[in-house]
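Per mature numbering (1 follows the signal peptide of the UniProt record, and there is no 0), the sequence shown runs over residues -24 to -1, 1 to 555.
Read the structure below first, then the notes.
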Amino acid sequence: MRRSRFTSAVAMIAGSALVLSACADNGDDAAGDDGGGGDTITLAWPQPFDSYNNTTAGANSFANGVVMEWVTTGFWHFAGEDGQVTPNEEFGTYEQVSDDPLTVEYTINEDATWSDGEPIDCDDALLWWAQQSGESDYSAIGTDGVEDTQVPDCEAGDKEFTLEYEQPFADWTSNGPSNGNAAMMPAHVVAEQGGLSSEEFIEAVKAEDWEALEDTVDFFNEGWLLDGALPDEELIPSSGPYKLDSYQEGQHVTLTYNEEYWGEAPETETIVIREIPEEEQVQALENQEVDIINPQPTVDIANQIEAAEAAGIESAVENQYSYEHLDFNFNDGPFAESRELREAFALCVPRQTIVENLIQPVMPEAETKDIRNIAPWDPGFDEAIDRSSEWLDEYGEQDLERSRQILEDEDAVGTEIRLETLDNERRNNAGTLITEACEEAGFEVEFDASADFFDTSGGLSQGTFDVAMFAWIGSSVLSGWNSTYRSPEECSAEGKGNNMGCYSDEEMDQMLDDILRQSDQDEALSIAADIEEKLWADLATIPLYQHPNIAAWQQDVQNIVMNPTQTGLVWNMPEWSRE
């Protein structure tokens, strides 16, 4: 049986309440004999790295993506200031060879090997397909059209494989293995941990003998989680210019040059990613404890960065695809079956006040986010606004009197709700504003901001919230947010993919299918507008604001270029260097 179709929006998880870590070495480390640049560049990040395998639903976090973007690589990534889908030709090439049926051929670089010397080839492609197609129980963020392809017919050692689609798929250029959260994972490791040879693994996948692969599934889904230390070195090979070198829980993870990498060596041999709370990052930058920071912007952080510029710190503020929103829990709790209570909550949320107080001081032109999946600068935005205008007039502005009246009509004054989010300054401030306003309307709000909100055992994955506040960060690819609203196979941490609130609607599922098949952009954007209208009509989620993206770095660090997508600042990490 085919599983639900999911895609790869990424939860934005910057910010934490961790203790400031010990100072990392920013010295002038010499380059290795086999290549790689000199020096060490240190990036501050507020959230812990917790899995080598960020291709699973549970480990699909921005923090894991920052570390793994250039450790496990693929045929493409989001590159440049506009975040366009860009081929990674060091890994390999791909091309469409037929329209009917849609057929795409992939060729892995002949020299491509894992850092342990194993070739990257057929078994890795088949593991990727088994996961991304949804045919197996390998956990996946999403299938993104791969569920409509046949198992690739390759043999052990083959460097070529083909995806043949049963139906058209508009976003095929961003559908194959990529850097980071849709990367190929090392099948030889998975096979061995499941008691199989690579040849046995290949035959089992090609036969779709999922029973024979049960032990490999267990390892794939859980075996790469960090439990206080990195997994054994032989379990975590690299397919990119960097490899995992060391890790100290609560302190840092270190990447070093992968000397087995067949492509161009990175400019800087060592990248240290230090765990530092956002509110302490500017000070760490000024103290030269770190070289780059990319915190979620708050008024205080923006002011600190502006003051630090006098000491030679470089900085930039740009738009990004990330947006903050509120998800209702449709599986359990007061909002699961009551649209009326969702109406009352939508009307008490002070969206405009949140933007004016927390976002406009950083980006003065910021407005409330009225459309979820299309950024204001992308085609289709105005059409989506027009299509949703009736619902925006109804629920787009705070109205405490109407909210209170609905609660009284439903005999629901005093309804207890649990609002959960990640513990950081801006979300704490936003949560306080929501709590005060909605309690004035008649709800009883328990506001919980926790450091483990995004962990696999945290509130978002486990569904302990009635309302969850977080952000999605993605790209301009229309299929990239498909799984966020698709009916989940089951409302569990692994079964719901990106649909954290377990919203489910058959009409919505059909529209999501339609947009995946539509190659005409105007028609696709029209479907996107229909989707936005229905999301407002159902009050599936409440969008709050588009995230500004802020970064600052030492003056001698070069090639820091902002990127608005889920890849973020690390899209060109191999090009980072010092003067």
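Beta carbons: idealized from backbone N, C-alpha and C, even for Gly.
Taken in chain order, the whole alpha helix (DSSP H) runs of length 4 or more contained in the stretch 462 to 517 are 482 to 493, 497 to 514. In the three-state scheme derived from DSSP, where H, G and I count as helix and E and B as strand, I330 is classed as helix. Around the beta-carbon of V47, 16 or more other beta-carbon atoms lie within 10 Å, marking it buried. Sequence-distant Cβ neighbours of N155 in its own chain, meaning closer than 6 Å and more than five residues away, are E45, T49, G50, H53. By the criterion of at least three beta-carbon pairs nearer than 8 Å, the stretch 124 to 144 is not in contact with the stretch 466 to 485. Here R378 carries a helix assignment [DSSP, helix/strand/coil].
Apart from the 5 residues on each side of it in sequence, T125 sits with its Cβ closer than 8 Å to the Cβ of W105, S109, L139, E140, Y141, E142 in its chain, given in chain order. Note that the stretch 302 to 313 touches the stretch 471 to 479; at least 3 beta-carbon pairs, one per stretch, sit closer than 8 Å. Comparing alpha-carbon positions, the option among L436, I268, A167 lying closest to C467 turns out to be L436.
In the DSSP assignment, D532 forms no beta bridge with any residue. A direct Cα-to-Cα measurement between N349 and A158 gives close to 20 Å.
Taking the Cα positions, P217 is about 18 Å away from R554. According to the DSSP assignment, M44 belongs to the alpha helix (DSSP H) that extends over 38 to 44. If you compare the alpha carbons of A241, E508, S433, A425 with that of W457, the shortest gap goes to E508.
Taking the C-beta atoms as reference points, G118 is found nearer than 7 Å to S459.
Residue N535 holds the alpha-carbon nearest to the alpha-carbon of P550 among V258, M160, N535, V80. Looking at the backbone, the Cα of H228 and that of E316 are separated by about 46 Å. Counting the other CB atoms within 10 Å of its CB gives S298 a total of 16 or more, which places it among the buried residues. Restricting attention to F419, A292, S364, G288, the CA atom closest to the CA of E386 is found in F419.
Taking 8 Å as the upper bound for CB-CB distance, Q438 and A469 are in contact here, some 6 Å apart. Under the three-state reduction of DSSP output, K219 falls in the strand class. In chain order, C98, A101, L102, W105, F137, T138, L139 place their CB closer than 8 Å to the CB of P128, counting only its own chain and leaving out the 5 sequence neighbours on each side. Each of P242, Y233, G407 was checked against the Cα of E300, and the nearest Cα belongs to G407.
The C-beta distance from D375 to I361 rounds to 20 Å, too long to fall under 8 Å, and the pair is not in contact.
The residue among S291, A283, E179 with its C-alpha nearest the C-alpha of Q530 is S291. With 16 or more neighbouring CB atoms inside 10 Å of its own CB, V443 falls in the buried class.
Assigned with DSSP and collapsed to three states, D358 falls in helix. Three or more pairs of CB atoms, one per stretch, sit closer than 8 Å, so the stretch 13 to 23 contacts the stretch 265 to 276.
In this structure, I526 places its C-beta atom within 7 Å of the C-beta atom of P273.
Apart from sequence neighbours up to five positions away, the residues of its chain that approach A167 with a beta-carbon distance below 8 Å are D99, S173, S174, E176, F177, T192, ordered along the chain.
For F67, the closest C-alpha among the options G152, A427, Q23, V80 is that of G152.
Between the beta-carbon of L520 and that of I330 there is about 6 Å, and that keeps the pair under the 8 Å contact cut. In this structure, I249 sits near V43, with a CB-CB distance shorter than 7 Å. Between G34 and T432, the C-beta spacing is below 7 Å. Boundaries of the beta strand (DSSP E) around A425: 420 to 426.
Under a 10 Å Cβ-count criterion, S222 is classified as exposed, with fewer than 16 other Cβ atoms of the shown protein chains found around its own Cβ.
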